[in-house]
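Worksheet: the structure to be examined is printed underneath.
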Amino acid sequence: MKKIECYETKDGKLFTSYEEALMHEKEEEIKSDLGSILNASIRTGDLMKKHVGENKLCSNPVDAQVVKKFLVSYMSEIMLKDFAAFKSLFDGGLSCK
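Sequential numbering of the sequence shown, starting at 9, is according to the numbering used here.
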């Protein structure tokens, strides 16, 4: 049997390298921060006023809250992927001569 050293993050995920574990925790922290910012900026009342075509986006506060949670989660994921792509570009994508 082979002994494998691993690192556990705050959310219980295991990684074989410290760098991967640290990167995962940083990504989760950024995602949480983005979620907080988006959660504060998207108001359920505004979602109830918006129309998609001729239909209202949300007709009641409960529906508006569901749409808001989806938007915050989805936009956080998209923004995190953009940050990761940007970081990888500058970590190894460019070379100076």
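C-beta atoms are modelled at their ideal positions from N, C-alpha and C, and glycine is treated no differently.
Do residue i and residue j have their CB atoms nearer than 8 Å?
i, j, result
"Lys39", "Leu88", "yes"
"Leu46", "Ser84", "yes"
"Gly43", "Val74", "no"
"Asp19", "Glu36", "yes"
For residue i and chain C, any beta-carbon pair shorter than 8 Å?
i, result
"Met56", "No chain C is part of this structure, which consists of one protein chain only."
Give the secondary structure of residue i by DSSP, where H, G and I count as helix, E and B as strand, and everything else as coil.
i, result
"Glu16", "strand"
"Asn47", "helix"
"Lys64", "strand"
How many angstroms separate the CA atom of residue i from the CA atom of residue j?
i, j, result
"Tyr82", "Ile50", "13 Å"
"Leu55", "Ala48", "13 Å"
"Lys76", "Glu27", "34 Å"
How is the alpha helix (DSSP H) around residue i delimited, first residue to last?
i, result
"Ser81", "Pro69 to Ser96"
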